[in-house]
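Participant: Below is the structure I would like to discuss, written out as structure tokens.
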Ligand SMILES: Nc1ncnc2c1ncn2[C@@H]1O[C@H](COP(=O)(O)OP(=O)(O)OP(=O)(O)O)[C@@H](O)[C@H]1O
Ligand SMILES: Nc1ncnc2c1ncn2[C@@H]1O[C@H](COP(=O)(O)OP(=O)(O)OP(=O)(O)O)[C@@H](O)[C@H]1O
Ligand SMILES: [Mg+2]
Ligand SMILES: [Mg+2]
């Protein structure tokens, strides 16, 4: 029994309510954070930082946002990319029009703007449920995409509709290298993930889950459904908004509204479902799966380079990607996070089978 | 102990001339009943008589077309379920309505949500007041867990629990809200004798210790006759009997419609 | 003149709407029968049409190509049931939804792997000369498509409401486990439904393919079907038609009469916003089944 | 000796796969032809490796990062054949010193090489091309002065791409006195009933189709349905390939599109590809019948310009693998005359052009082709673009970008 | 009593030492064996969570849908192994389960619910009518509500509907999970009368999981008591009914007679028969 819970007694409810009540988990997390904050920027090259880790972290954040809404509050949404777009354009405009604001405040405000827009599109959720709501959130997706392209003001009238934010400067220090940007993204994502974790295990999180699991019962014990759902929309959109701002500022440097199209919304939804609906960890696992898998498949494909035609290879990659999604759902319909949890439970019992 | 020896007070809940229709179906027709403070009132009746509907009307899940409900002296016709909760009405459901994806502990903690006052931002930071509050309520909930003897399943997702335990958890969730009026919809269905006895004990203790008024729907006549102070009988949405258990048991109309001769 | 133009837009919109209904029908079918929101419907439309034109381009005569395409869709249905659905019985709807997204990738990849990425012309021999009625131009092609759609709707409606299998399908949608417990062979049922949905996809693929050519973008017609779906109700066959008519007509009228004031290009989101507004009044769509939550 | 690496950020699945397989097929065939026929450029063998982008910007960025260091001297230059990545990599390419070549797409103002040293919107930008379209229409009407009082509808894809030419069209409408009606088509454009009914009501003389993907055949078909003459529709070059007209069937007969390049396999280079590659089964196209199609030939154009840039640079820096910075010099000193094109066996496949430090575009003229139901036929002389109109706009936009980003423009007179 | 056969003669259903695991980790049944003779009524008794439902689902093969697995043991119906059959195939062979918690098809009307029960039978129109009438004869209340959507009927009505639906499949054996739950007392009696009636007249065998031990033992021939996933006691209904432990813990018949629920002051600790 390498990994065990038995024999570790908690003597106070406070200890029992710590994020990771089991010390092994805590140590593992500290080790992981130390690795991510210190070892990675020192060791990884620009390719890993700039094209794998940064987008992975940003999309994890967006997935986290959607997971709050869909996983915790049970409101299926296909419009998360639109809220990313709102965040990106808002941050751009704050930076452009109020240059004296510090960068992090721009991001915060961008998140708040996204949250406000999220609330507007969340109002119908009081009456509309399930897939009906999902399709209805497409209204947000298409409307916001259209509005951002249509009204030049949002993109400062650039002919191409593309926005290019200024370099990021924090306290006079300009972030230029990929490592700088990575650290910024990692910092923001870590803090927001911690806040999300706190939130979902507090009264607010319980209210969300209650509404998700059985809204009638939730109302009967005094939870205000509309208020709870709108809060979920707001928080979720906030996270997506910040993710969108980071996408524009820290990852690509320039974006247009099409960077946040329907496909992006779906991509984020995949992450949530594959990773684990209603799991913070799952958002990260899902993002890793969806971001890394196609790249991995592409690299694997290169091993066959020459032997197989490139278009065959590309299509095979797509097929494998789809098949793996199905495979993982069959293995564990509740996502990678649950798979991880079961593995831990088994470890706990190891070497006994049950 | 008999009913009179406890200090049953004045009328807490007064239901007047309630009529509830679903399209063509009349679930409740002109029903009136009164529940006094601290008493245990049972509603019985054949299947489909409208018992559950009655509870749904009392706590605002259904909105009757006619009639008026006076609770603690405040009359009203419609109200939202969460408003009812705010006024101290809690309940359990016939088909268990727990939050399946959450642990037992979380289910119970949710029952206390109404009393948690910190803002979501404080909760996100989990700082000072938010953490103190969380711990305070946790202690209260642990007391209920002890009371209901469900310590061992505290962290188990409720979906995995056997039926009987789920019923107990549901009672716990209702109790967590520290209600003054507790509505129980068939809390003992699907239990064996021993478990029913336990459940009766819980109900009686709640009633005794916290002075909670209880409205109970139950099909086990043994339980109903033993523990209630007052029994209301419904049939086809109409009230056909109302009174002390002894009276109701001997009411010929009730015997014909519900109890049957075998009893 | 203005009035004629108005009617022209209206009729054009109604007919366009029916084309959306055709795709929406496939969604309804599967949703009604298994509670699955089949995201792969668009990919199926593409797959069916591509299979058909490819068979034709291999020199097979029209009827043979049609039969072969139908057979292909049935094989796809059977394989989907066996490899995906069977393993996911009784799982939450969102999981099944996700699985159909996985299926989408597989189908898209498979289609292009087998039949290539070339675009094709699809010739059904249906005339596309505009009819001029009272100064209005009306497309004969659209009229014929509308007829086909109406036929499909009637057939499917009867099937669901009055046959043993139809009833079983609705039962399955309500509760997988209970359906199993009384001996409804979920696997056969699903195979049948997916095969029928494959057939509907083929019909939609042929008609849309004749309009747009057969190419990858055919998968996108599914997006046009979604507002129709929620307006008509996920579970209603007639709803798909009525929803299509409403969406088609109003989005065209909006584009022509409202568009110019806000810069145009509003058709897409307008359909969704309209459907959304409608849902606020009737959350289950026009003819959808009401969500039952009793306590 | 050695190897010169060219990254192939292709897209062979997804909605634009038809275009992607064509362009990259032609591109790769041309590279292989150079290796097979000439043993590379100046004795340096050309290598490439493909990376699937699915036409998605983030995947393209990943491919860029993955491939930029490959080969003995790193990537020579990137051709994304998609606008998104060009924008996204604008700054990184400067840091990495790797040119981004965007032939017939991408940022129009990047033609100003002083502000955008590493971006090459070669041949013709959207803005330039648009002026050629109006000139073509003018010539069809019998002179630019005849445009006065005419009505032109600009049917555009409602996206950043579609909107990009609105200002330049408006400027020309003012200049020539025609009236302009711009009508957006929401993406993806598979529904255009409303738009074409509007067009029928407007009764324009010409329709400019700034389309994309499925929008193109739909537009052509709808035109037929409302009886608008197809030979009065002029498409952009993303609306001018076989893939855009075949789905529309007979309706497309007579439809005209601007072209970077004509279709056809009569060019010596293409013939050699057939001979050297396809006869031996080494051709890249799955369907050899598409050799000589518009997209395929555009791939050859990519090949020619890439290889020529390497050659020009080698002439200066020596016959060895070159860095991106050195290739950039080559790109800035392209001079494709008729003679040179003839030597390369591609005369007529692309027009003469000449780049410089100031001008990263090269000001190639535009040709116009018409679809006869089976193939594209060239129907115009080379139509020159209106640089007097475009260049000031380019410089203005570039200056604005430079100011925003704090870039100090290069002084071209100091460069050689 | 009609129990002419003893459980020893070749049983209709034989469950042999099965083990069930949920989610690959939760071991619920730890070796359960039982037999149901042709024409018998066998009761499965036990506290909440003992594993009654799991046993029934293992027999009807519905565990797969809950990510449960039978990892050991065998199940025979009419002498054939049936653990690999699909639920539908089992129904065709005559085994139908009435699930705990009713599980009516909420959006179908009561009558449509009943009709789906006959899915495997492929009956003619008039046969269907007769089958329906038979159910309505047993449950007149259902006839009144025949056109209502099942989702909107009361708990008891749904229970009737679920049982009626199973009868429509003309089974040889019904697995009945807590039929009395939520039913008014006289309906409980009625349902058990119906069970008896079906058993005597149509020779349908029953395996019923039931909490209401009193009634169950009155109608059953044979009983098993399950605790914690194991069979801890078995015997004929009379034998069980007269067992002192059973009397005390399951029937509430202590030596001094039935106690009032109000007087069960101290919580009784259940005596466990843990192996
Ligand atoms: N939401 C609803 N819509 C339509 N009809 C309803 C609804 N709720 C209850 N009914 C009908 O009202 C009647 C009373 O139902 P109710 O659930 O109150 O019965 P009950 O007395 O609780 O019965 P049981 O003991 O079987 O639970 C039933 O006939 C039921 O079908
Ligand atoms: N799907 C499941 N996943 C995990 N555990 C389960 C699942 N279903 C049941 N269990 C567990 O299996 C055990 C036996 O449950 P089962 O439902 O068979 O009991 P039961 O005897 O029918 O109880 P009851 O009288 O309450 O219906 C319980 O401890 C329960 O927690
Ligand atoms: Mg009830
Ligand atoms: Mg059970």
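Chains as they are written, first to last, in my numbering: chain D, 35 to 388; chain X, 9 to 271; chain W, 3 to 297; chain V, -8 to 407; chain F, 4 to 278.
Note that beta-carbon positions come from the ideal geometry of N, C-alpha and C, so glycine has one too.
Computed from a predicted structure; not experimentally measured.
1. Label residue 46/D either buried or exposed according to how many other C-beta atoms from any shown protein chain fall within 10 Å of its C-beta, with 16 as the threshold for buried.
2. Report yes or no: is there a C-beta of chain V within less than 7 Å of the C-beta of residue 196/D?
3. Restricting to runs no shorter than 3 residues, where is the beta strand (DSSP E) found entirely within the segment 161 to 218 of chain X?
4. Identify the residues that DSSP records as bridge partners of residue 345/V: which are they?
5. Check each candidate in 174/F, 157/F and 162/F and name the one with the smallest Cα separation from residue 245/X.
6. What separation, rounded to the nearest whole angstrom, lies between the Cα atoms of residue 146/X and residue 165/X?
7. Closer than 6 Å: is that where the CB of residue 189/F sits relative to any heavy atom of ligand 3?
8. Along the segment 99 to 115 of chain F, where does the CB come closer than 8 Å to a CB of chain D? Name the residues.
9. In its own chain, which residues sit with a C-beta less than 6 Å from the C-beta of residue 255/V, not counting the 5 before and 5 after it?
10. Using a threshold of 6 Å, is the CB atom of residue 69/F nearer than that to any non-hydrogen atom of ligand 2?
11. On the three-state DSSP scale, how would you describe residue 263/F?
12. Roughly how many angstroms separate the alpha carbons of residue 47/F and residue 82/X, rounded to a whole number?
13. Would residue 12/V count as contacting chain D if we go by Cβ distances under 7 Å?
14. How is residue 123/X classed by DSSP in three states: helix, strand or coil?
15. Hey, residue 25/F and residue 71/F: beta-carbon distance below 7 Å or not?
16. Would the C-beta of residue 56/F count as close to ligand 4, meaning under 6 Å from any of its heavy atoms?
17. Closest Cβ-Cβ distance between residue 413/V and chain W: below 7 Å?
18. Is residue 149/F close to chain X, meaning its C-beta is less than 7 Å from at least one C-beta of that chain?
19. Please determine whether the Cβ atom of residue 51/F lies at a distance below 6 Å from any heavy atom of ligand 2.
20. Within the same chain, show all residues whose beta-carbon is closer than 8 Å to that of residue 137/F, passing over the 5 residues directly before and after it, in chain order.
21. For residue 32/F, report the span of its beta strand (DSSP E) as first-last.
22. Quick test of the definition: if touching needs 3 or more C-beta pairs under 8 Å, does the segment 196 to 205 of chain V touch the segment 207 to 227 of chain W?
23. Starting from the C-beta of residue 152/X, find all residues in its chain whose C-beta is less than 7 Å away, skip the five residues before and the five after it, and write them out in chain order.
24. Under 8 Å between beta-carbons, which chain X residues line up against residue 56/D? List them in chain order, please.
25. Are any of the Cβ atoms in chain F nearer than 7 Å to that of residue 195/W?
26. Have a look at residue 237/W and residue 167/W and give me their C-alpha separation to the nearest angstrom.
27. Taking only beta-carbon positions, decide if residue 241/X is within less than 7 Å of chain F.
28. Can you pull the chain V neighbours of residue 286/W, defined as C-beta to C-beta under 8 Å?
29. Any chance the segment 86 to 102 of chain F sits against the segment 202 to 221 of chain X, with 3 or more Cβ pairs inside 8 Å?
30. Excluding the five sequence neighbours on either side, which residues of its own chain have a C-beta within less than 7 Å of the C-beta of residue 276/F, listed in chain order?
31. Specify the secondary structure class of residue 216/F as computed by DSSP and reduced to three states.
32. Taking 6 Å as the cut-off, is the CB of residue 223/W close to at least one heavy atom of ligand 6?
33. Quick one: measure Cβ to Cβ for residue 121/D and residue 78/D, integer angstroms, because I've assumed they're closer than 8 Å.
34. Quick check: the segment 48 to 58 of chain X against the segment 102 to 116 of chain X, are at least 3 beta-carbon pairs closer than 8 Å?
35. Which residue marks the beginning of the alpha helix (DSSP H) containing residue 229/V, and which one marks its end?
Facilitator: Considering the structure as presented:
1. exposed
2. Interface criterion met: the Cβ of residue 196/D is under 7 Å from a Cβ in chain V.
3. 189 to 193
4. 326/V
5. 157/F
6. Rounded to the nearest angstrom, the two C-alpha atoms are 17 Å apart.
7. no
8. none
9. 283
10. Residue 69/F Cβ: within cutoff of ligand 2.
11. coil
12. 50 Å
13. yes
14. In the three-state reduction of the DSSP assignment, residue 123/X falls in the helix class, which pools H, G and I.
15. Contact: yes.
16. yes
17. Nothing about residue 413/V can be reported from this structure: the residues present for chain V run from -8 to 407 only.
18. no
19. At least one heavy atom of ligand 2 lies less than 6 Å from the C-beta of residue 51/F.
20. 170
21. 29 to 39
22. yes
23. Cβ within range, chain order: 116, 180, 183 and 184.
24. By Cβ distance, chain X contributes nothing, its closest Cβ being about 12 Å from residue 56/D, past 8 Å.
25. no
26. A direct Cα-to-Cα measurement between residue 237/W and residue 167/W gives close to 16 Å.
27. no
28. Neighbours of residue 286/W on chain V: none; closest Cβ ~27 Å, over 8 Å.
29. no
30. The predicted position of residue 276/F is uncertain, since its pLDDT is 38 and thus under 50; no value can be drawn from it.
31. helix
32. In the structure shown, ligand 6 is absent; the only ligands present are ligand 1, ligand 2, ligand 3 and ligand 4.
33. 26 Å between Cβ atoms; not a contact.
34. no
35. No alpha helix (DSSP H) holds residue 229/V; DSSP gives it neither H nor E.
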